[in-house]
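A.B. asks:
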Amino acid sequence: MSADPAPEAGGAPLLIACALGIERFALRGAGAGPGAAGPVTVLRTGMGPQSAERAVTRALTGRSGEPGAWRGVSGEPRESRTAVIATGFCAGLAPGMHPGDLVVADETRDPAGRTVCTGTRILADALSRPLSGGPRWRVHIGPVVGSDHVVRGAERAALHGTGAIAVDMESAATLRTAVSHGVRPVAAVRVVVDAPEHELVRIGTLRGGISAFRVLRTVLPAFFHWHRSSLLPGGELDGHASPPDHPGRDVSL
């Protein structure tokens with residue numbers, strides 16, 4: 000596990016959790032525009048739900064000798080104010096998905112339960128807007144399911160049959176762990192690296208992996224917009240989950 004804290008700011012912290020080094024590399028300093036409302040940490044958790052649980056717990060509570068990056072100047076703990084976004088690559092489950100498509104979870108699911116995401120519409124709308132005249136990405140909204148292994152073939156189709164539109168190994172564990180340590184805004188945004196018609200063997204060596212990497216480099220401005228919105232009194236985020244959109248809705252109109 001490793002983390003890159005941004006300079007201290009006055010607002011609540013934002014924790015962006017991803018599993019892989021290549022995902023963290025894509026997120027380091029990428030994007031443009033206004034920043035987050037407070038200090039930002041990009042946390043590499045390692046692969047799998049158990050690694051995600053351990054890393055997020057350490058980041059939010061300072062257990063196991065973690066440095067005090069999550070404490071204010073007066074030393075008070077700020078874990079209960081920290082917004083959490085799980086991000087990185089995923090496998091798309093719905094027919095018609097392509098590498099590079101974005102998935103915004105309205106909820107995450109795994110055998111341990113279900114976590115409702117916060118501010119789904121705000122996040123999806125921000126992601127679907129072109130950045131500085133750049134390309135417009137396809138954004139899908141729906142449930143993201145957690146797995147402890149790579150999902151392919153018939154198992155992928157079975158998961159889609161439950162209503163899920165994407166699967167990864169860390170999002171559900173990340174968000175479930177985050178809310179177990181206090182009420183907070185949580186979200187999951189994943190970039191499709193393979194899909195039913197575009198299965199990959201190795202991330203980063205084929206065209207789909209390269210496309211997903213390029214898209215992941217553009218997401219930080221939307222994350223920061225979501226974070227700023229989470230602090231608005233009476234706003235959609237304001238400590239509550241937004242009503243879920245219809246599973247599988249495509250908002251890139």
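Under numbering that gives the first Met the number 0, the first residue of the sequence shown is numbered 0, with each subsequent residue one higher. The C-beta atom is built at its ideal place from N, Cα and C for all residues, glycine as well.
Whose C-alpha, out of LEU215, SER228 and PRO220, is nearest the C-alpha of GLY99?
C.D. replies: Translated into the one-based positions of the sequence shown, residue 99 becomes position 100. Out of LEU215, SER228 and PRO220, LEU215 has the C-alpha closest to the C-alpha of GLY99.
A.B. asks: Do ALA58 and LEU14 have their CB atoms nearer than 8 Å?
C.D. replies: Start at 1 with the first residue of the sequence shown, and residue 58 comes out as number 59. Start at 1 with the first residue of the sequence shown, and residue 14 comes out as number 15. The answer is yes: Cβ separation under 8 Å.
A.B. asks: Verify whether the separation of the beta carbon atoms of THR44 and ALA54 is less than 8 Å.
C.D. replies: As a first step, residue 44 must be located in the sequence shown, where it is residue number 45. As a first step, residue 54 must be located in the sequence shown, where it is residue number 55. Going by C-beta atoms, THR44 is nearer than 8 Å to ALA54.
A.B. asks: So, using beta-carbon positions, are ALA221 and LEU126 closer together than 8 Å?
C.D. replies: Residue mapping note: residue 221 aligns to position 222 of the sequence shown, counting from 1. Residue mapping note: residue 126 aligns to position 127 of the sequence shown, counting from 1. Yes. Within cutoff.
A.B. asks: Pick from GLU169, ALA51, VAL182 and HIS180: whose alpha carbon is nearest that of PHE88?
C.D. replies: Your numbering for residue 88 matches position 89 in the sequence shown. When each option's Cα is compared against that of PHE88, the closest is GLU169.
A.B. asks: Can you pull the DSSP bridge partners for CYS17?
C.D. replies: As a first step, residue 17 must be located in the sequence shown, where it is residue number 18. According to DSSP, CYS17 bridges with ARG43.
A.B. asks: For ILE140, which of ALA186, VAL83, PRO110 and ASP105 has the nearest alpha-carbon?
C.D. replies: Counting from one through the sequence shown, the residue named residue 140 turns up at place 141. If we check each option's Cα against that of ILE140, ASP105 comes out closest.
A.B. asks: Helix, strand or coil, according to DSSP, for ASP124 in the structure here?
C.D. replies: For the purposes of this step, residue 124 is identified with residue 125 of the sequence shown, where counting begins at 1. Correct three-state label for ASP124: helix.
A.B. asks: For VAL191 and VAL115, I'd like the C-alpha separation in whole angstroms.
C.D. replies: Reading the sequence shown from its first residue, position 192 is the one you call residue 191. Reading the sequence shown from its first residue, position 116 is the one you call residue 115. The alpha-carbon atoms of VAL191 and VAL115 are separated by roughly 21 Å.
A.B. asks: Considering Cα atoms alone, identify which of THR86, ARG227, LEU42 and LEU231 is closest to ALA218.
C.D. replies: Stepping through the sequence shown from its first residue, residue 218 is reached at position 219. At residue 218 the sequence reads Val, which differs from the Ala that was named. It is THR86.
A.B. asks: Could you give the first and the last residue of the continuous alpha helix (DSSP H) run that contains LEU59?
C.D. replies: Indexing the sequence shown from 1 puts residue 59 at position 60. Unbroken alpha helix (DSSP H) run through LEU59: 48 to 60.
A.B. asks: What did DSSP end up calling ALA93 once you bin it into helix, strand or coil?
C.D. replies: Position 94 of the sequence shown, counting from 1, holds the residue named residue 93. Looking at ALA93 - three-state DSSP - the assignment turns out to be coil, as it is neither helix nor strand.
A.B. asks: Please name the residue or residues paired with PHE88 in a DSSP beta bridge.
C.D. replies: Within the sequence shown, the letter at position 89 stands for residue 88. In the DSSP output, where bridge partners are listed per residue, PHE88 has VAL190.
A.B. asks: Can you give me the C-alpha to C-alpha distance between GLY145 and ILE84, rounded to a whole angstrom?
C.D. replies: Numbered from its first residue, the sequence shown carries residue 145 at position 146. Numbered from its first residue, the sequence shown carries residue 84 at position 85. Distance between the alpha carbons of GLY145 and ILE84 is about 15 Å.
A.B. asks: Hey, would you say ARG80 sits closer than 8 Å to ALA171, going by beta carbons?
C.D. replies: The sequence position of residue 80 within the sequence shown is 81, counting from 1. The sequence position of residue 171 within the sequence shown is 172, counting from 1. For ARG80 and ALA171, no; Cβs fall outside 8 Å.
A.B. asks: Which same chain residues end up closer than 8 Å to VAL166 when comparing Cβ atoms and leaving out the 5 residues on each side of it in sequence?
C.D. replies: Against the sequence shown, residue 166 aligns to sequence position 167. So the list reads CYS89, ALA90, LEU92, VAL143, VAL144, GLY145, SER146, VAL150, ARG155 and LEU158, once near-sequence residues are dropped.
A.B. asks: Could you say which of SER229, LEU230 and HIS224 lies nearest to ASP124 if we only look at CA atoms?
C.D. replies: Here residue 124 refers to the residue found at position 125 of the sequence shown. Looking at the Cα atoms, HIS224 is the closest of the given residues.
A.B. asks: Have a look at ALA60 and SER229 and give me their C-alpha separation to the nearest angstrom.
C.D. replies: In the sequence shown, residue 60 corresponds to position 61, counting from 1. In the sequence shown, residue 229 corresponds to position 230, counting from 1. According to the sequence provided, residue 60 is Thr. The question's Ala does not apply to it. Cα to Cα, the separation comes out at about 21 Å.
A.B. asks: Could you give the distance in angstroms between the alpha-carbon of THR107 and the alpha-carbon of THR56?
C.D. replies: For the purposes of this step, residue 107 is taken as residue 108 along the sequence shown, with counting starting at 1. For the purposes of this step, residue 56 is taken as residue 57 along the sequence shown, with counting starting at 1. The straight-line gap from Cα to Cα measures roughly 18 Å.
A.B. asks: Pull the bridge partners of LEU174 from the DSSP assignment, please.
C.D. replies: Residue mapping note: residue 174 aligns to position 175 of the sequence shown, counting from 1. Its beta-bridge partners do not exist; DSSP assigns none.
A.B. asks: CA-CA distance, VAL188 and VAL102?
C.D. replies: As a position in the sequence shown, residue 188 is number 189, starting the count at 1. As a position in the sequence shown, residue 102 is number 103, starting the count at 1. Approximately 6 Å, taken between the alpha carbons.
A.B. asks: Determine the closest residue to ARG113 out of ALA177, ARG23, ALA211 and ALA153, with distance taken between C-alpha atoms.
C.D. replies: Residue mapping note: residue 113 aligns to position 114 of the sequence shown, counting from 1. The option with the nearest alpha carbon to ARG113 is ALA177.
A.B. asks: State the Cα-Cα distance for the pair ALA163 and GLY118, rounded to the nearest angstrom.
C.D. replies: As a working mapping, residue 163 is identified with position 164 in the sequence shown. As a working mapping, residue 118 is identified with position 119 in the sequence shown. The alpha-carbon atoms of ALA163 and GLY118 are separated by roughly 19 Å.
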